[in-house]
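Residue numbers (my numbering): 591 to 770.
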């Protein structure tokens, strides 16, 4: 039995957090502005909207921090915000796996969020790609993405700090050990 091996996820760009908190701040300001005007809404119910908006922001901020790629006992586990994907190494078509840039291979760009979390510079969860294929994504750096085609036709897009190291380790695990 092997110990779990962590592969750090590439860091988020600095502006990604702003895309989360700026709308929350604007929504809070809009709520406060609406509350100071005359309204027929009961005051207590109206004032509860501000902490609710802030609570949503805190929950989303914590979810944004939940990012991990772990290889444990021939199983790849990807944690991406509210989503987790577990794959046996045998389920991945490693002959077709590669590291690429989504800037150059735009057909693999996650476009339509079917069940995911998305901010500029960050994609997590289930998406339809530009080529209409399905993919599970944990993308934080579009320039170095590990594409893992699955034998069932799906695709996994990952942004580890060192994608080549993860791919090499997956290939090493997929290679049958020599018999003694």
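Even for Gly, the Cβ is constructed at its ideal location relative to N, Cα and C. Here the structure is a predicted model, which is why all the values come from computation and not from measurement.
Of the choices the options, whose alpha-carbon is the least far from that of residue i?
i: residue 665; options: 594, 627, 746, 737; result: 594
i: residue 733; options: 653, 764, 696; result: 696
i: residue 693; options: 743, 626, 735, 597; result: 735
i: residue 669; options: 615, 658, 678, 679; result: 658
i: residue 743; options: 627, 681, 644; result: 681
i: residue 679; options: 646, 638, 667; result: 667
i: residue 646; options: 749, 617, 673; result: 617
i: residue 641; options: 729, 620, 654; result: 620
Could you check the C-alpha separation between residue i and residue j for me, to the nearest Å?
i: residue 745; j: residue 687; result: 10 Å
i: residue 605; j: residue 709; result: 10 Å
i: residue 722; j: residue 662; result: 31 Å
i: residue 707; j: residue 714; result: 5 Å
i: residue 626; j: residue 639; result: 13 Å
i: residue 652; j: residue 728; result: 16 Å
Looking at the unbroken alpha helix (DSSP H) that takes in residue i, where does it start and where does it end?
i: residue 755; result: 753 to 764
i: residue 584; result: Given a span of 591 to 770 for the chain in the structure shown, any question on residue 584 remains unanswerable.
i: residue 615; result: 606 to 626
Going by beta carbon distance, what residues of the same chain come within less than 6 Å of residue i, once the five residues before and after it are set aside?
i: residue 683; result: 739, 741
i: residue 677; result: 666
i: residue 731; result: 600, 749
Ordered along the chain, which non-local residues of its own chain (more than five positions away) have a Cβ less than 7 Å from that of residue i?
i: residue 718; result: 701, 702, 704, 724
Cβ-heavy atom distance between residue i and the ligand NAP below 7 Å?
i: residue 650; result: This structure does not include the ligand NAP; it has no bound ligands of any sort.
How far does the beta strand (DSSP E) with residue i in it extend, from its first residue to its last?
i: residue 669; result: 665 to 670
i: residue 676; result: 673 to 678
i: residue 597; result: Careful: residue 597 lies outside any beta strand (DSSP E) and carries neither H nor E.
Check your understanding: Okay, do the stretch 605 to 619 and the stretch 734 to 751 touch, 3+ Cβ pairs below 8 Å being the bar?
Key -> When C-beta atoms of the stretch 605 to 619 are compared with those of the stretch 734 to 751, fewer than three pairs fall below 8 Å, so the two segments do not count as touching.
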